[in-house]
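Visitor:
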Amino acid sequence: MALRNIPVVFEAYRLLVTEAPTIKMRKDDKTGEMVPATDYKGVQQFQVSVFAKPLPNAEGYQGKGEELKITMSVDPGDDITEGMYVSLISPTVSMWQNDMGAGLSFKAEGIIPAAAMRSVA
Numbered sequence: 000m001a002l003r004n005i006p007v008v009f010e011a012y013r014l015l016v017t018e019a020p021t022i023k024m025r026k027d028d029k030t031g032e033m034v035p036a037t038d039y040k041g042v043q044q045f046q047v048s049v050f051a052k053p054l055p056n057a058e059g060y061q062g063k064g065e066e067l068k069i070t071m072s073v074d075p076g077d078d079i080t081e082g083m084y085v086s087l088i089s090p091t092v093s094m095w096q097n098d099m100g101a102g103l104s105f106k107a108e109g110i111i112p113a114a115a116m117r118s119v120a
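Quick note: numbering that gives the first Met the number 0 has the sequence shown finishing at residue 120, numbered continuously throughout.
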C-alpha cells in the first residue's frame with residue numbers, strides 16, 4: 000500500500016525558488032527521447048525547485064533546509080522567478096517505490112508569491 004496525496008503544511012517554512020518553473024520532462028520508454036510529462040488524465044505537468052528553510056523557533060534556532068522539486072498541473076506563468084519567496088496552493092506528498100529505490104514526491108495545485116498568500120489569509 001502506498002501513501003498518496005497526503006496534505007502538507009508548509010506554514011513553518013520559508014520557500015525560496017531555486018529554479019524557475021519549467022515544463023516537466025520524462026524519458027520516453029520506447030524512443031528514449033525526452034518528452035513533456037503528463038498525468039494519468041493527459042494534463043501537462045510543470046515543475047519548480049524550491050529551497051524549504053524552517054522558520055526560527057522560539058529560541059531562535061533555525062534548522063537546515065532542503066531543496067524540493069514540486070510538480071504542478073497548472074502553468075505557473077512568468078510571474079514566478081528564481082530568488083522569489085513563494086507559497087504553494089494545496090501541497091501534497093506521496094511515497095513512491097520502484098526497483099531503483101524509494102522516495103517522496105511533492106505536488107501542488109499552484110504556486111503564488113508569498114506576499115500574495117498572506118494577503119489572502
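Yeah, the Cβ is synthetic: ideal placement off N, Cα and C, and Gly gets one too.
Touch check for the region 84 to 99 and the region 17 to 25: three-plus C-beta pairs under 8 Å?
Guide: No contact exists between the region 84 to 99 and the region 17 to 25.
Visitor: What is the DSSP secondary structure of R117, reduced to helix, strand or coil?
Guide: Bear in mind that the predicted position of R117 carries a pLDDT of just 49, short of 50, making it too unreliable to give a figure here.
Visitor: Can you list, in chain order, the stretches of the beta strand (DSSP E) that have 3 or more residues and sit fully within the region 29 to 72?
Guide: 33 to 35, 45 to 53, 65 to 71
Visitor: Going by C-alpha distance, which of R13, V8, N4 is nearest E66?
Guide: The shortest C-alpha separation from E66 is found at R13.
Visitor: How do the region 60 to 76 and the region 24 to 35 stand: do at least 3 beta-carbon pairs fall below 8 Å, yes or no?
Guide: no
Visitor: Which class does F105 belong to by DSSP, given the choice of helix, strand or coil?
Guide: strand
Visitor: Would you grab the beta carbon distance between Q46 and I79 for me? Rounded to a whole angstrom, and I think it's under 8 Å.
Guide: No, Q46 and I79 are not in contact; Cβ-Cβ is about 12 Å, not under 8 Å.
Visitor: Measure the Cβ-Cβ separation of S93 and S104 and say whether it is below 7 Å.
Guide: yes
Visitor: Name the one or two DSSP bridge partners that M24 has.
Guide: P35
Visitor: Quick one, are the C-beta atoms of A71 and A107 less than 7 Å apart?
Guide: The sequence as given places Met at residue 71; Ala does not occur at that position. Yes. Within cutoff.
Visitor: How is L14 classed by DSSP in three states: helix, strand or coil?
Guide: strand
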